[in-house]
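Structure, as structure tokens:
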Amino acid sequence: MAYVITEPCIGTKDKSCVDVCPVDCIHGKDEDEMLYIDPEVCIDCGACVSACPVEAIFADSDVPEKWQNYTEINAEYFKK
Amino acid sequence: MRSVLVAGAGPAGSTVALLLARAHASVRIFERSAFPRTKACGEYLSPRTVRLLNELGIGAQLARRARTVEGVRLHGHGVHARITFPFPGWSLPRSVLDQVLLEAALGQGATLTQAHVEGCTDTAHCARVAVRFPDGSVESLETSALVAADGMHSIVARKCGFARPARKAQARFALGGHYCGFARLDGFIDMFVDGGSYLAINPLSDETANVMLVVDAGELEAHRDDVDAFAEERARMLGGDLLAGAQLERKRIAIGPLAYRAQRLAGRHVALAGDAACFLDPFTGQGVYLALRCAGLAAECILSGSLRQYERRASREIHARERSARRISRIIGSPLFARTGASLLRGAPWLLQPLVASVAGAA
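Shown next, in the form of structure tokens:
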């Protein structure tokens, strides 16, 4: 279980989620188009969900069908 | 006939649905999870909450499945104090409480649809609600009253501009789980306090208990590489002999940041209830009480045609709970106060006990 950042983050990258995360599991470099949650570190507290101004974050079981590919996209980012 | 939509079938949502349906309103509840389901929660119902549940007419049903809580034992700063409630509270798994409340609402004629409320606009004539169904389809509904009981990360609160931005600084997080294999559990909740963290052991049966740890965000971040190991170690350090021999069942759940209050509680056609309105520190043991109270106020205001009153009335209730929570924090947070308080409790319990009991939601 983890939370997933999805499409509305692209071009936004507000970073309020980064500020509120207690385990610092949200990352993204300047050159990345969005931010990503590390599913290995995420403790599922959900604090990031309400911090996001564009409602881009969902629990992995709640990700809308059209954005389900983002679950893998978030995980892939941290496999490098 | 009044027609109301309710987002969320937790205690707040089901209670407002129950009260409105009983008063012959047409109530439609939207809930994204399939019930029964577990919820991260202390699973403690204060004596006052028990009273409210009795008033709702489901007390007898719950009493059969609840465990009696006679009081609380506080341990901290070298002090041990016991507070006995004037009348008992309950400990009860949320899966049971929520299921019984929901069934009571459905029994009164409310309907349940499995769907996710994912948007809301509060306009001059109605609330326009966007609902996403499990098959991915989305529907837009209009209603004269929406009660948003969709939890501490309420999407309705955010969409309507009622939410307060979260801050991590000075925030605390709760890590909870069920432990089994206890050697000796009785009718008391044990709370262990040490500086910034605390542990609550709430017996659910003779061998199992809800064990909840609350720590500062800074400590979690410092142990981000193995949060579970840190939580286990801190729980054992605080819980000492009582926790020895017991083990965690299933996965620990994290919640936070604690605590939270929405900036606004109501608009023209939308009211927030439950954790969506206010999420207290679990130490207070008043979360469910507040959810039921606000649900009652929301139902009254909707039935009397004045949702505007809800802002004022629910705010009063929330401020009272927050004051309670601050008082409890002071009692247990300050070593000097704790020692004074504990010796008063021992020497002249009639002096301090009523205060602490009332603050613990027992009177």
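Here the protein sequences line up with chains A and B, keeping their order.
Numbering (numbering that gives the first Met the number 0) for the first sequence: 0 to 79.
Numbering (numbering that gives the first Met the number 0) for the second sequence: 0 to 362.
Backbone N, C-alpha and C define an ideal beta-carbon position, used for all residues, glycine too.
Keep in mind the model is a prediction, meaning the values are calculated, not measured.
Sheet register partners of residue i (DSSP bridge)
i	result
residue 172 of chain B	B:214
residue 198 of chain B	B:191 and B:212
residue 90 of chain B	B:43 and B:66
residue 142 of chain B	B:126
residue 4 of chain B	B:27 and B:145
residue 277 of chain B	B:260
residue 137 of chain B	B:131
residue 22 of chain B	None; residue 22 of chain B has no bridge partner.
residue 48 of chain B	Beta-bridge pairing links residue 48 of chain B to no other residue.
residue 317 of chain B	Its beta-bridge partners do not exist; DSSP assigns none.
Span of the beta strand (DSSP E), counted from its first residue to its last, around residue i
i	result
residue 58 of chain A	56-58
residue 11 of chain A	No beta strand (DSSP E) holds residue 11 of chain A; DSSP gives it neither H nor E.
residue 119 of chain B	115-121
residue 246 of chain B	246-257
residue 131 of chain B	126-131
residue 72 of chain A	Here residue 72 of chain A belongs to no beta strand (DSSP E); instead the alpha helix (DSSP H) covers 68-76.
residue 3 of chain A	2-4
Any non-hydrogen atom of the ligand NAP within 7 Å of residue i CB
i	result
residue 29 of chain B	The ligand NAP is not part of the structure shown, which contains no ligands of any sort.
Whole-number beta carbon distance between residue j and residue i, since they are thought to touch under 8 Å
i	j	result
residue 116 of chain B	residue 155 of chain B	6 Å
residue 205 of chain B	residue 174 of chain B	No, residue 205 of chain B and residue 174 of chain B are not in contact; Cβ-Cβ is about 24 Å, not under 8 Å.
residue 51 of chain A	residue 15 of chain A	7 Å
residue 130 of chain B	residue 176 of chain B	That pair is no contact at about 33 Å.
residue 93 of chain B	residue 37 of chain B	6 Å
residue 148 of chain B	residue 9 of chain B	6 Å
Residue interval of the alpha helix (DSSP H) (run including residue i)
i	result
residue 58 of chain B	58-62
residue 183 of chain B	Note, residue 183 of chain B: premise wrong, no alpha helix (DSSP H); not H, not E.
residue 301 of chain B	286-302
residue 269 of chain B	Residue 269 of chain B -> not in any alpha helix (DSSP H); beta strand (DSSP E) instead, spanning 269-271.
residue 154 of chain B	154-158
residue 226 of chain B	226-242
residue 48 of chain A	46-50
Residue i classed as buried or exposed, judged by whether at least 16 other C-beta atoms fall within 10 angstroms
i	result
residue 76 of chain A	buried
residue 216 of chain B	buried
residue 83 of chain A	Since the displayed chain A opens at 0 and closes at 79, residue 83 of chain A lies outside it and no answer follows.
residue 303 of chain B	exposed
residue 33 of chain A	buried
residue 11 of chain B	buried
residue 13 of chain B	buried
residue 135 of chain B	exposed
residue 158 of chain B	buried
residue 70 of chain A	buried
residue 137 of chain B	exposed
residue 53 of chain B	exposed
Interface partners of residue i on chain C, CB under 9 Å
i	result
residue 115 of chain B	In the structure shown, chain C cannot be found, because the protein chains are A and B.
Check distances from the C-beta atoms of the stretch 25-36 of chain B to those of chain A and list, in chain order, the residues that come in under 8 Å. Within the stretch 25-36 of chain B, the residues whose Cβ lies closer than 8 Å to some Cβ of chain A are 31, listed in chain order.
Against chain B: residues of the stretch 52-75 of chain A by CB proximity under 8 Å: From the stretch 52-75 of chain A, only 54, 61, 63, 64 and 65 have a Cβ closer than 8 Å to chain B.
Which residues, in order along the stretch 20-46 of chain A, keep a beta-carbon less than 8 Å from a beta-carbon of chain B? 20, 21, 22, 23, 24, 40, 42, 43, 44, 45 and 46: these are the residues of the stretch 20-46 of chain A whose beta carbon lies less than 8 Å from some beta carbon of chain B, given in chain order.
Output needed in chain order: residues of the stretch 200-225 of chain B with a Cβ under 7 Å from some Cβ in chain A. The stretch 200-225 of chain B vs chain A, Cβ under 7 Å: 216, 219, 220 and 223.
Of the residues that make up the stretch 148-163 of chain B, which ones have a beta carbon closer than 7 Å to any beta carbon in chain A? Identification of residues in the stretch 148-163 of chain B having a C-beta nearer than 7 Å to some C-beta of chain A yields 152, 154, 157 and 162, given in sequence order.
To be precise: take each residue of the stretch 239-268 of chain B, compare its Cβ to all Cβ atoms of chain A, and keep it if any distance is under 9 Å. Which residues remain? Those residues of the stretch 239-268 of chain B that come within reach of chain A (Cβ to Cβ, closer than 9 Å) are 250, 251, 252, 253, 254, 255, 256 and 259.
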